[in-house]
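Here is the structure we will look at, set down as structure tokens.
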Amino acid sequence: MNRSVPDVLPAIRNASQLSPAALDMVKLLALLAMIIDHTNTVFLSPAWPVMYALGRMAFPLFTLIWAMNVQRTPERLQKRASRLWIWAVITQPVFSLTFSHHQPWWALNILFVFAGVTQLLALQYRHGRKGMLAGYLLLALIIWPLEPASYGWQE
700 MNRSVPDVLP AIRNASQLSP AALDMVKLLA LLAMIIDHTN TVFLSPAWPV MYALGRMAFP
760 LFTLIWAMNV QRTPERLQKR ASRLWIWAVI TQPVFSLTFS HHQPWWALNI LFVFAGVTQL
820 LALQYRHGRK GMLAGYLLLA LIIWPLEPAS YGWQE
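Take the sequence shown: its position 71, counting from 1, is numbered 770 in this note's numbering, and each next residue is one higher.
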């Protein structure tokens with residue numbers, strides 16, 4: 700087993716010094732940004748550009764939290780990946796129903812991004828280069844259904 704933190708995830712030096720309270724504030728800000736984004740997308744027509752811009756903060760903030768957790772406990776990567784896969788599948792019907800007028804029927808929710816990348820890191824951590832290649836194959840399989848949720852500007 701490869702016991703080093705995955706090489707593909709660079710160290711987060713300053714962010715790792717965040718206190719638990721500060722990290723909770725980042726989580727709260729990310730949640731608020733996500734609610735603003737979803738409210739704007741689902742309930743407002745036409746969408747408000749300011750709310751759209753504020754909502755774009757959600758993914759980078761959630762990614763920061765995810766990266767800090769992954770770096771802190773790389774030995775728990777597979778457990779994290781399994782949990783993310785479960786939540787991605789559980790939330791998919793709600794996502795599909797809520798965004799049915801805004802996304803194609805086959806679009807996956809953003810939790811699949813976190814699950815897929817965490818799985819890639821778990822495979823690399825456990826199996827080295829072969830695991831990394833398997834992880835890339837997995838990401839190649841889910842990239843098309845994730846494309847509608849990309850961060851491109853809405854037209």
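We put the CB at the ideal spot given by N, CA and C, even for glycine.
Euclidean distance between Cα positions of residue i and residue j
i	j	result
Ser781	Tyr824	15 angstroms
Leu836	Arg828	13 angstroms
Ser799	Leu760	26 angstroms
Leu728	Leu840	32 angstroms
Trp765	Pro745	32 angstroms
Arg702	His826	Any answer about Arg702 is weak, because its pLDDT of 48 lies below 50 and its placement is not dependable; what the coordinates show is given next. Cα to Cα, Arg702 sits roughly 10 angstroms from His826.
Met756	Ala732	6 angstroms
Thr738	Val793	14 angstroms
Residue i versus the options, residue with shortest Cα-Cα distance
i	options	result
Leu810	Ser744, Asn768 and Leu783	Leu783
Val788	Val741, Gly830, Phe813 and Met831	Phe813
Phe742	Val769, His801 and Pro773	His801
Val769	Gln818, Met831 and Pro719	Gln818
Cβ-based neighbour list, residue i, same chain, cut-off 6 angstroms, excluding 5 preceding and 5 following
i	result
Ala833	Leu822
Short Cβ contact (7 angstroms threshold) for residue i with residue j
i	j	result
Leu763	Leu820	no
Thr790	Asn808	yes
Met750	Ile735	yes
Pro748	Pro803	no
Cβ shell of residue i (< 8 angstroms), same chain only, five flanking positions each side left out
i	result
Pro844	Trp805, Ala806, Leu807 and Phe811
Leu753	Ala732, Ile735 and Asp736
Neighbourhood of residue i by C-beta, 7 angstroms cutoff - its chain only, sequence neighbours within 5 removed
i	result
Gly815	Leu837, Leu838 and Ile841
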